[in-house]
Amino acid sequence: MNWCRIIENVIFKLKSKAPVVLLLLVIALPSAAQITAGPAENSGDSTSEQAASVESSTDELPDEITESEIEEAIEADTDGSLDDSTNSIDSAGVLEGVGIGADIRVGYFDFEEDDSGGQSEDIAVARWRIRTEYAINQRLRVVGRVAGICSNEECSPNFVLEESIPSTSSMEDGDITLDEAYVRWSRLDRFDLAIGRMQTKFVSRGGVFSKSLDRNDSHNVNVNWTDGIHAAFRSRNGWSPHLILQRNPSSGPTNVRREPLNFDDSGARVSYFLSVESLTRTKFFLQRTIDVSYLPKSLLKDGDLSGRREDYYGIVLRSTNRWPERDDGPRLRVATEIGYAPKTQTQAAAGLAGDGDVDGLAWDISVSLMDFKPNHSIGVNYGRVSAGWLLSPQYRQNESSAELRYQWRKNRMLAFDFRIRQRTELEQLLLSDRKQQELDFFLRFTWGRTLK
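Numbering (numbering that gives the first Met the number 0), first residue to last: 0 to 451.
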């Protein structure tokens, strides 16, 4: 891979699209100035300062870890931009009365396919969300959130309530919908239960990245969700088991599930997800996780409805390490994931040459240099996903992905990201004359805060 050529390409495109980039800056910079100068400034400590206060408190862990302490640790270790690594069930809430929060993400995206057609596309997208919750008492909350997408191609508002997402990853541009509508019950700072429509995210705490091989609802500027039940238990040793029972409509999935997964069969209506995760800091680890996904009767083994239908399941191991062990200044964070699906579709179903079944192995690694200057971080990510791994919302099957990302986080409300990424097919498709490649980059601004 020629990174010099890729960077030259991006610089040329930025010059050619300067009016669009300037428009985004005009939108973003005044908002940033108001945010950083506003009354909430006192609560907007830098990411490194938040991490310092929480991580230093974990040097001597008590015998029991309360839910509030776990929520503080999750907030301090939030990766990606703002809430990119937070489950609905993990989000901090009001103790009584009504709480209101909002966020907006604006980005310019450019894609170029290096195939015989040489196709290229660019788009400016904004996603906004308004979240309201009502605490009936300290144990019971009702939460709802409205989310909308607007782009330079389509911005006519269209309120819809769909059972499933209409595309492979998100609602359509112009759509406005409910992406959260659930009841959450808590007991003794130990047990949480959420029922309804919610966000489920199990990601690597990779610094500037929040990547996942199996579950990361509404990543980037997408709008999708999980309908079902999410139960979590906060154990006293820092390990937290999670169980998710997800409803899959026959019309299609509500979050990213890749073909040939299909939910037409009545036996595929409910899928199961189990995770055991520790975010307790040790000498070597910031995160340790094992996930198991089980999707009964959902794999079209031969790629069509008239062929064989089998259960599909995948296992993911995830860990994050940090060097050196200090609470501020430059730090290196390394996150790894590895996933494996024992049962996969045939080579023919994946559009590949050969006999037998495709491979089900997937893995990725992220390396981030955090706070090389205060609030400024940079990272690289590389992943390889075989044709038989069908669960990742951020890695397409039968592809490798190499990414360079820079991030500026002024405080916990404001973030700016720049990404360059190269994606390449691992095996050539039967109907293609060569392996496909895609170069893309984005400029992205994210703001979010609690309004009440």
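All C-beta atoms, glycine included, are put in the ideal place defined by N, C-alpha and C. Here the structure is a predicted model, which is why all the values come from computation and not from measurement.
Checklist entry - Alpha carbon to alpha carbon, how far is R144 from N221? => result Translated into the one-based positions of the sequence shown, residue 144 becomes position 145. Translated into the one-based positions of the sequence shown, residue 221 becomes position 222. Distance between the alpha carbons of R144 and N221: 14 Å.
Item to check | Y181 versus D432: straight-line alpha-carbon distance, rounded | outcome: By 1-based counting over the sequence shown, the position of residue 181 is 182. By 1-based counting over the sequence shown, the position of residue 432 is 433. About 48 Å.
Next on the checklist: Suppose contacts are defined by Cβ-Cβ distances below 8 Å. Is E402 in contact with R418 by that definition?
Outcome noted: Counting from one through the sequence shown, the residue named residue 402 turns up at place 403. Counting from one through the sequence shown, the residue named residue 418 turns up at place 419. Result yes, Cβ atoms of E402 and R418 sit closer than 8 Å.
Checklist entry - Once you ignore the five residues that flank V207 on each side, which residues in its own chain have a CB closer than 6 Å to its CB? => result Residue numbering aside, residue 207 sits at position 208 when the sequence shown is read from its first letter. Taken in chain order, the residues that qualify are S367, S376, G378, R404 and Q406.
Checklist entry - In its own chain, which residues sit with a C-beta less than 6 Å from the C-beta of S453, not counting the 5 before and 5 after it? => result There is simply no residue 453 to check, as the chain begins at 0 and stops at 451 in what is shown.
Item to check | Residues near V97 in its chain [Cβ-Cβ closer than 6 Å; skip 5 each side] | outcome: Walking along the sequence shown from the start, residue 97 turns up at place 98. Excluding sequence neighbours, V97 sits near Y133.
Checklist entry - Relative to the ligand FMN, is the shortest distance from any of its heavy atoms to the C-beta of Q421 smaller than 7 Å? => result As for the ligand FMN, it is missing from this structure, which has no ligand bound.
Checklist entry - Looking only at DSSP bridge pairs, what is L438 linked to? => result Here residue 438 corresponds to residue number 439 of the sequence shown, with the count starting at 1. DSSP lists E111 and Q421 as partners of L438.
Checklist entry - Can you give, in chain order, each stretch of the beta strand (DSSP E) that sits fully within the region 235-304 and has at least 3 residues? => result 238-246, 269-277 and 286-299
Next on the checklist: Counting C-beta neighbours from all protein chains within 10 Å, is the total for A72 16 or more, i.e. buried, or is it exposed?
Outcome noted: In the sequence shown, the residue the question calls residue 72 occupies position 73. With a pLDDT of 39 at A72, under the threshold of 50, the modelled position of that residue is not reliable, and no figure is offered here.
Next on the checklist: In this structure, how does DSSP classify I164 when only helix, strand and coil are distinguished?
Outcome noted: Along the sequence shown, read from residue 1 onward, the residue named residue 164 stands at position 165. DSSP places I164 in coil when its eight states are reduced to three.
Item to check | According to DSSP, residues forming a beta bridge with N454 | outcome: A query on residue 454 cannot be resolved here, the shown segment of the chain reaching from 0 to 451 and no further.
Checklist entry - Would you call the CB atoms of L285 and T335 closer than 8 Å? => result For the purposes of this step, residue 285 is identified with residue 286 of the sequence shown, where counting begins at 1. For the purposes of this step, residue 335 is identified with residue 336 of the sequence shown, where counting begins at 1. No; because the gap between Cβ atoms is not below 8 Å, this pair is not in contact.
Item to check | Three CB pairs or more closer than 8 Å across the region 257-264 and the region 215-229 | outcome: no
Checklist entry - Between the Cα of K372 and the Cα atoms of R408, L160 and G302, which residue gives the shortest distance? => result On the sequence shown, residue 372 is found 373 positions in, with the first residue counted as 1. Cα-wise, what sits closest to K372 is R408.
Item to check | Delimiting residues of the beta strand (DSSP E) encompassing F190 | outcome: Taking the first residue of the sequence shown as 1, we reach residue 190 at position 191. Its beta strand (DSSP E) spans residues F190 to M197.
Item to check | Cβ-Cβ distance between I243 and T279 below 8 Å | outcome: Within the sequence shown, residue 243 is the residue found at index 244, counting from 1. Within the sequence shown, residue 279 is the residue found at index 280, counting from 1. Cβ atoms of I243 and T279: not closer than 8 Å.
Next on the checklist: Taking the beta carbon of T288 as the centre, do at least 16 other beta carbons fall within 10 Å, making it buried, or is it exposed?
Outcome noted: Translated into the one-based positions of the sequence shown, residue 288 becomes position 289. Label assigned to T288: buried.
Checklist entry - Hey, out of L192, V269 and A361, whose CA is closest to R140's CA? => result Translated into positions along the sequence shown, residue 140 becomes position 141. Checked all of L192, V269 and A361; the closest Cα to R140 is L192.
Checklist entry - Along the chain, where does the beta strand (DSSP E) that runs through S203 open and close? => result Here residue 203 refers to the residue found at position 204 when the sequence shown is read from its first residue. No beta strand (DSSP E) contains S203, which DSSP labels as neither H nor E.
Checklist entry - Buried or exposed: Q346, going by 16 or more other Cβ atoms within 10 Å of its Cβ? => result Residue numbering aside, residue 346 sits at position 347 when the sequence shown is read from its first letter. The residue is buried, with at least 16 neighbouring Cβ atoms inside 10 Å.
Checklist entry - How would you call L390, buried or exposed, if buried means at least 16 neighbouring beta carbons within 10 angstroms? => result Within the sequence shown, the letter at position 391 stands for residue 390. So L390 counts as buried.
Next on the checklist: Using DSSP's beta-bridge definition, name the partner residues of C149.
Outcome noted: Locating residue 149 in the sequence shown gives position 150, counting from the first residue. Note: C149 sits in a beta bridge opposite A125.
Checklist entry - How long is the line joining the alpha carbons of G313 and Y339, rounded to whole angstroms? => result By 1-based counting over the sequence shown, the position of residue 313 is 314. By 1-based counting over the sequence shown, the position of residue 339 is 340. Cα to Cα, G313 sits roughly 6 Å from Y339.
Checklist entry - How would you write the range of the beta strand (DSSP E) that G182 sits in, first residue to last? => result Walking along the sequence shown from the start, residue 182 turns up at place 183. Position check: residue 182 holds Val in this sequence, whereas Gly was assumed. D174 to R186 is the extent of the beta strand (DSSP E) around V182.
Checklist entry - Exposed or buried, S155, counting other C-beta atoms within 10 Å across all chains shown (16 or more means buried)? => result The residue labelled residue 155 in the question sits at position 156 within the sequence shown. With fewer than 16 other Cβ atoms within 10 Å, it is exposed.
Next on the checklist: For a quick check, are the C-beta atoms of D178 and R196 less than 8 Å apart?
Outcome noted: As a position in the sequence shown, residue 178 is number 179, starting the count at 1. As a position in the sequence shown, residue 196 is number 197, starting the count at 1. Yes, the pair counts as a contact, with Cβ atoms nearer than the cut-off.
Item to check | R321, buried or exposed, once every other Cβ within 10 Å from all chains shown has been counted against 16 | outcome: By one-based count along the sequence shown, residue 321 stands at place 322. Its Cβ being crowded by 16 or more others within 10 Å, R321 is buried.
Checklist entry - Would you say R307 and K296 are within 8 Å of each other, going by their C-beta atoms? => result Taking the sequence shown and counting its residues from 1, one reaches residue 307 at position 308. Taking the sequence shown and counting its residues from 1, one reaches residue 296 at position 297. Cβ distance not < 8 Å, so R307 and K296 don't count as in contact.
Next on the checklist: Taking the beta strand (DSSP E) that R307 belongs to, which residues open and close that run?
Outcome noted: Looking up residue 307 in the sequence shown gives position 308. It is not in any beta strand (DSSP E) - R307 carries neither H nor E in the DSSP assignment.
Checklist entry - What do you reckon, are the CB atoms on D363 and N380 nearer than 8 Å? => result Walking along the sequence shown from the start, residue 363 turns up at place 364. Walking along the sequence shown from the start, residue 380 turns up at place 381. Yes. Within cutoff.
Checklist entry - Which residues in the same chain have their Cβ closer than 8 Å to the Cβ of F190, if we skip the five residues on either side of it in sequence? => result Here residue 190 refers to the residue found at position 191 of the sequence shown. Result list for F190: A230, A231, F232 and R233, in chain order.
Checklist entry - Which of the three DSSP states, helix, strand or coil, is assigned to S45? => result To locate residue 45, count along the sequence shown from 1; it is residue 46. Because the pLDDT at S45 is just 37, under 50, the model does not fix this residue reliably, and the point stays unresolved.
Next on the checklist: My output table needs one value for Q406: the three-state DSSP class, helix, strand or coil.
Outcome noted: Numbered from its first residue, the sequence shown carries residue 406 at position 407. Note: Q406 maps to strand in three-state DSSP.
Checklist entry - beta strand (DSSP E) containing K372: first to last residue? => result Numbered from 1 along the sequence shown, position 373 holds the residue referred to as residue 372. Unbroken beta strand (DSSP E) run through K372: L360 to K372.
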